[in-house]
Ligand code: SAM
C-alpha cells in the first residue's frame, strides 16, 4: 500500500477541486471537524469528490460552528472504479449499512440491490446506501465512489450482466469444495474477466432462482464452506476470496 496519510481526516465533497478554491463546509462537516475532531486553523484535511483525485486543504474556521476549506494541492490522482459488481438481496437496515460499507471497503465498484423471492422488504433506501458507501470511502482512502445501480429483480439483474462478466454465485446449497480452486477453474488469474458477485437474502435462494442463476453461462456456484453464513458475513467472505484470487488483492 503506498505511503498514505491516514492521520488527516478525509471528506467527500461534491464541489470541483482545484488549487486556490475556498469551499464552505456544511454544518455537519464543520461540526465534525471543529467540535468532534477538534481540528485547529491550518490543520490539514483531505478532500475528494470522486472525479478530481485527492486534495490537501487547510481548515479556515469562520466561527464556532462554521468553517471553510482552502484547497491547496492535489496529493493523489483520481482512481477508476474497480470492475467488480456486488449484487445483493437487501437486508434489514443496520445489517444493510454494514454490508454496504464492507462491499465498498473490499473494492466493489458497482453495488446493485437485487430483489429475490425471499428478500425481506420490497424497498431500499438508496440515499442511505449511498451515505454508507461515501462513509466507507472516506474512512478507507477510497477515491472512486461506487456506482449504485438501480434495484431490480433477479431476472433483470442477470440480464444486465455482460456475457463476458464472470458471475460468482454464492450458493449455500453448493457442495463444500475448495473455493479458491473453483475460482481459479472459472477464470485465468493472469487475465481475469470483469467480475460480479451475488449473495442471497437471509432466506436464501429458491430452487427456481438457483436453477436460473446456474443456467447462466460464465457463472460459478461457490461454496463458502460447511456452515451457513449470514448474508453480510458471506459478503465479506466472498469478496475477500474473489479479490485474493481474481481481483486487486493478488
Ligand atoms: N438458505 C439459508 C438457510 O435458509 O439457512 C440461508 C441463506 S444465507 C443466510 C444468505 C446468503 O449467504 C445465501 O443465499 C448465500 O448467497 C450466502 N451464503 C451463506 N452461507 C453460504 C455458504 N456456506 N456457501 C455459499 N454461500 C453462502
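Numbering (UniProt numbering), first residue to last: 1 to 250. Here a beta-carbon is modelled for each residue, glycine too, at the ideal position from N, C-alpha and C.
Extent of the continuous beta strand (DSSP E) run through residue 34: Position 34 of the chain shown, counted from the start, is the residue given in the question as residue 34. It is not in any beta strand (DSSP E) - residue 34 carries neither H nor E in the DSSP assignment.
Are the CB atoms of residue 236 and residue 106 nearer to each other than 8 Å? For the purposes of this step, residue 236 is taken as residue 236 along the chain shown, with counting starting at 1. For the purposes of this step, residue 106 is taken as residue 106 along the chain shown, with counting starting at 1. A contact, by the Cβ cut-off of 8 Å.
Residue closest to residue 56, alpha-carbon to alpha-carbon, out of 179, 111, 110, 22: Residue mapping note: residue 56 aligns to position 56 of the chain shown, counting from 1. It is 22.
Tell me the rounded alpha-carbon separation between residue 117 and residue 210. As a first step, residue 117 must be located in the chain shown, where it is residue number 117. As a first step, residue 210 must be located in the chain shown, where it is residue number 210. Rounded to the nearest angstrom, the two C-alpha atoms are 11 Å apart.
Any heavy atom of the ligand SAM within a distance shorter than 7 Å of the CB on residue 199? Your numbering for residue 199 matches position 199 in the chain shown. Because some heavy atom of the ligand SAM lies under 7 Å away, the Cβ of residue 199 counts as near it: yes.
Once the 5 residues before and after residue 115 are set aside, which same chain residues still bring their CB inside 6 Å of it? The residue labelled residue 115 in the question sits at position 115 within the chain shown. Excluding sequence neighbours, residue 115 sits near 153.
Which runs of the beta strand (DSSP E) fall wholly inside the stretch 71-149 and span at least 3 residues, in chain order? 84-88, 110-115
So residue 233 is in the alpha helix (DSSP H); what residue range does that whole segment cover? For the purposes of this step, residue 233 is taken as the residue at position 233 of the chain shown. From DSSP, the alpha helix (DSSP H) with residue 233 extends over 231-245.
Give every residue of the same chain whose Cβ lies closer than 7 Å to the Cβ of residue 42, excluding the five residues on either side of it in the sequence, and list them in chain order. Locating residue 42 in the chain shown gives position 42, where the first residue counts as 1. Here the set comprises 58, 59.
Going by other Cβ atoms of all chains shown within 10 Å of its Cβ, with 16 needed for buried, is residue 88 buried or exposed? Here residue 88 refers to the residue found at position 88 when the chain shown is read from its first residue. Classification of residue 88: buried, given that the 10 Å Cβ count is 16 or more.
Just to confirm the assignment, what range does the alpha helix (DSSP H) spanning residue 183 have? Position 183 of the chain shown, counted from the first residue, corresponds to residue 183. Its alpha helix (DSSP H) spans residues 179-186.
Ends of the beta strand (DSSP E) at residue 175? On the chain shown, residue 175 is found 175 positions in, with the first residue counted as 1. That residue, residue 175, is in no beta strand (DSSP E); it is neither H nor E in DSSP.
What number of angstroms, rounded off, separates the C-alpha of residue 111 from the C-alpha of residue 239? Walking along the chain shown from the start, residue 111 turns up at place 111. Walking along the chain shown from the start, residue 239 turns up at place 239. In a straight line, the C-alpha of residue 111 is about 12 Å away from that of residue 239.
For residue 30, which residues of its own chain have a beta-carbon under 7 Å away from its beta-carbon, when the five flanking residues on both sides are left out? As a working note, residue 30 is residue 30 in the chain shown. Cβ neighbours of residue 30 beyond the five flanking positions: 65, 66, 67.
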